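Novice:
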Amino acid sequence: MKAASLKITTWNINSVRLRLPLVADFLKSQAPDVLCLQETKCRDAEFPMKDLHSLGYEHIAINGQKGYHGVAVISKRPLRFVEKRDFCEKGDARHICVEIDARSGPISLHNFYVPAGGDEPDVDINPKFQHKLDFLDEMRDWIVTEGVARGRVVLVGDLNVAPLEHDVWSHKALLKVVSHTPVEVEKLTAVLQAGAWIDAMRHFVPAEEKLYTWWSYRAADWEASNRGRRLDHILVSEALGGGLKRLDVLRDARSWTRPSDHVPVTIELSD
DNA sequence: ATGGTTGTAGCACAA
1 MKAASLKITT WNINSVRLRL PLVADFLKSQ APDVLCLQET KCRDAEFPMK DLHSLGYEHI
61 AINGQKGYHG VAVISKRPLR FVEKRDFCEK GDARHICVEI DARSGPISLH NFYVPAGGDE
121 PDVDINPKFQ HKLDFLDEMR DWIVTEGVAR GRVVLVGDLN VAPLEHDVWS HKALLKVVSH
181 TPVEVEKLTA VLQAGAWIDA MRHFVPAEEK LYTWWSYRAA DWEASNRGRR LDHILVSEAL
241 GGGLKRLDVL RDARSWTRPS DHVPVTIELS D
């Protein structure tokens, strides 16, 4: 008998090799069908394939590069590699698309790592911020021109923007902080509108409630200060919206030994 | 208001 649901997790792991023990613990305890990682920070040849295979995840698609960025899809179910797109044509490993079979039919799954954008939210002095804005514009155009959100589609990843007022610990304090500036929020909102995507996390948690997926390493006590942001997202196309069953933000993962600064976000969909 | 930490690579830079 097949499972009644399909569990998909997104997690910015901040080095998959360093945190392989955490990934293994997560897969054993939470057993998602599909785990999407960002910031794997290794070349494809260095990716810990065998360890993940032996944990029951035999189907893996990766787009890596040396030291920076890198995305991976790790699956219990068969997947078909579809493409890696080079947004902004810089040769960065920031996207991968696969197709996964659910009982109700195939699902296209896009895994993204959007540029963080540097410290200064000023395109005149900070080219990294310009890159981030260009990347978001290109995502929007691509979604429209290629009809990316038509059919059964899931888009996950570290989008590095916290769009709503309660996606950050203080809306006012973060208006000039990269990740929550009005121009970034406007561009991510345009990405959402371009595909008429459903924000799967906010489907379960009202907009008035605080919701975070990331807490800085720089806080003396991340849990006490709780200055989080919702940088990680799961978007589903309209065709899949009716099948949303459950959300889990694994806040505990931020207290694990040598943690990532991001925690795993899991969605359950009708199979 | 400022500065705080982490990873990779190799003592600088990105996040």
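full-length UniProt numbering applies: residue 1 is where the first sequence begins, and numbers increase by one. Where is the CB? At the ideal position from N, CA and C, for every residue including glycine. Please read these numbers as outputs of a predicted model, since none were measured by experiment.
(1) Report the CB separation of I8 from L269 in whole angstroms; it is logged as a contact under 8 Å.
(2) Would you be able to state if there are at least three C-beta pairs under 8 Å between the segment 159-174 and the segment 237-244?
(3) Between D92 and the rest of its own chain, which residues show a CB-CB distance below 6 Å, the 5 nearest in sequence each way excluded?
(4) Three or more C-beta pairs under 8 Å: does that hold for the segment 194-211 against the segment 76-94?
(5) DSSP has Q193 in a bridge; who is on the other side?
(6) Can you tell me whether D158 is buried or exposed, with buried defined as 16 or more other CB within 10 angstroms of its CB?
(7) Tell me, please, which residues DSSP counts as bridged to P106.
(8) Note down the Cα distance separating residue 317 from L37, rounded to an integer number of angstroms.
(9) Answer yes if the segment 10-29 comes into contact with the segment 259-269, meaning at least three C-beta pairs across the two stretches below 8 Å, and no otherwise.
(10) Is the Cβ-Cβ distance between V153 and N111 less than 7 Å?
(11) If I'm right that V168 touches L174 with Cβ under 8 Å, what's the distance once you round it to whole angstroms?
(12) Around the C-beta of P115, are 16 or more other C-beta atoms found within 10 angstroms, so that it is buried, or is it exposed?
(13) Assuming T257 and L231 make a contact with CB atoms under 8 Å, what is their CB distance in whole Å?
(14) Would F204 pass as a contact of L247 if the rule is Cβ separation under 7 Å?
(15) To the nearest angstrom, how far is it from the Cα of W215 to the Cα of R229?
(16) Taking the alpha carbon of N160 as the point to measure from, which residue in T266, E99, G117, R103 has its own alpha carbon closest?
(17) Where DSSP assigns a beta bridge to E268, which residues make up the other side?
(18) Use the C-beta contact count for N226: other C-beta atoms within 10 angstroms, 16 or more gives buried, fewer gives exposed.
(19) When burial is assigned at 16 or more other CB atoms within 10 Å of the CB, is P106 buried or exposed?
Specialist: For this structure:
(1) 7 Å
(2) Under the Cβ criterion (8 Å, minimum of three pairs), the segment 237-244 does not count as touching the segment 159-174.
(3) H69
(4) no
(5) Paired residues: none, contrary to the question.
(6) Here D158 is buried: its Cβ has 16 or more other Cβ atoms, across all protein chains shown, within 10 Å.
(7) D101
(8) Because the chain is modelled from 1 through 271, residue 317 falls outside the range shown and cannot be assessed.
(9) yes
(10) no
(11) 5 Å
(12) Classified as buried, P115 has 16 or more neighbouring CB atoms from the shown chains inside 10 Å of its CB.
(13) Contact between T257 and L231 fails: their C-beta atoms lie close to 22 Å from each other, not under 8 Å.
(14) yes
(15) 7 Å
(16) G117
(17) K7, R246
(18) Exposed.
(19) exposed
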